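Add 1139 to the 1-based position in the sequence shown for our numbering, that's all there is to it. All residues carry an ideal CB built from backbone N, CA and C; glycine is no exception. Every value quoted in this text rests on a predicted model; they were computed, and no experiment measured them.
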Amino acid sequence: MYFGNDDGILEYDGSSWRLIKTSNNSIVRSMCMDSKGRIYVAASSDFGYLDADSIGQLQFVSLRKLSLNIPNFGDVWDVNENSNGIYFKPKIKFFVFTIIILQLLIQFFHTDYIKLETIYLLEITELVYKK
């Protein structure tokens, strides 16, 4: 079992706990397990996924380094999956991660809502984009 908290990701194996730190030791805001079992993490000023190291222990792998052309985006509050990829949602931007591609999808939207395979990006109460 995995739980996000102020210190990182807590992993519980049924008898003991282990703390997995993010690359910047930040608060974990949201986590999502994709259809293949990979756990994605939304954190304060960082986002990424868990992957096994050389001895099989899960470690946090940051995707922030793939976003060098994207200015500071602050906290990443949510992460979700649909058939198009993994969507990370900071406050004013929206990232999509598919295999090895990270791109800024849309910026300056108030909120998002994912239902089944449709992503709705909303500005206050007005529907402005549907993918």
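| DSSP on arginine 1203, reduced to helix/strand/coil? | Residue mapping note: residue 1203 aligns to position 64 of the sequence shown, counting from 1. Arginine 1203: helix per DSSP, three-state reduction.
| Do you know whose CA, among Trp1156, Asn1219, Met1170 and Ser1154, lies nearest phenylalanine 1199's CA? | Locating residue 1199 in the sequence shown gives position 60, counting from the first residue. The candidate whose alpha carbon is nearest that of phenylalanine 1199 is Met1170.
| query | Going by C-alpha distance, which of Ser1154, Lys1175 and Ser1165 is nearest aspartate 1185? | reply | If you number the sequence shown from 1, residue 1185 lands on position 46. Aspartate 1185 has its Cα closest to that of Ser1165, out of Ser1154, Lys1175 and Ser1165.
| said: Measuring straight from C-alpha to C-alpha, what distance separates isoleucine 1245 and aspartate 1192? | reply: Start at 1 with the first residue of the sequence shown, and residue 1245 comes out as number 106. Start at 1 with the first residue of the sequence shown, and residue 1192 comes out as number 53. Any reading at isoleucine 1245 needs caution, since the residue's pLDDT is 42, under 50, leaving its predicted position unreliable; the model's value is listed next. Rounded to whole angstroms, isoleucine 1245 to aspartate 1192 spans 33 Å at the Cα level.
| request: Assuming valine 1180 contacts glycine 1213 (C-beta within less than 8 Å), just tell me the rounded distance between them. | output: Looking up residue 1180 in the sequence shown gives position 41. Looking up residue 1213 in the sequence shown gives position 74. 16 Å between Cβ atoms; not a contact.
| field | Inter-residue spacing [alpha-carbon to alpha-carbon] between asparagine 1280 and aspartate 1173 | value | Since the first residue shown for the chain is 1140 and the last is 1270, residue 1280 is missing from the structure and cannot be characterised.
| query | Roughly how many angstroms lie between the CA atoms of tyrosine 1151 and isoleucine 1178, to the nearest whole one? | reply | Along the sequence shown, read from residue 1 onward, the residue named residue 1151 stands at position 12. Along the sequence shown, read from residue 1 onward, the residue named residue 1178 stands at position 39. Going from the Cα of tyrosine 1151 to the Cα of isoleucine 1178 covers about 14 Å.
| request: Identify which residue in Asn1219, Ile1159 and Trp1216 has its Cα closest to the Cα of aspartate 1190. | output: Within the sequence shown, residue 1190 is the residue found at index 51, counting from 1. The option with the nearest alpha carbon to aspartate 1190 is Ile1159.
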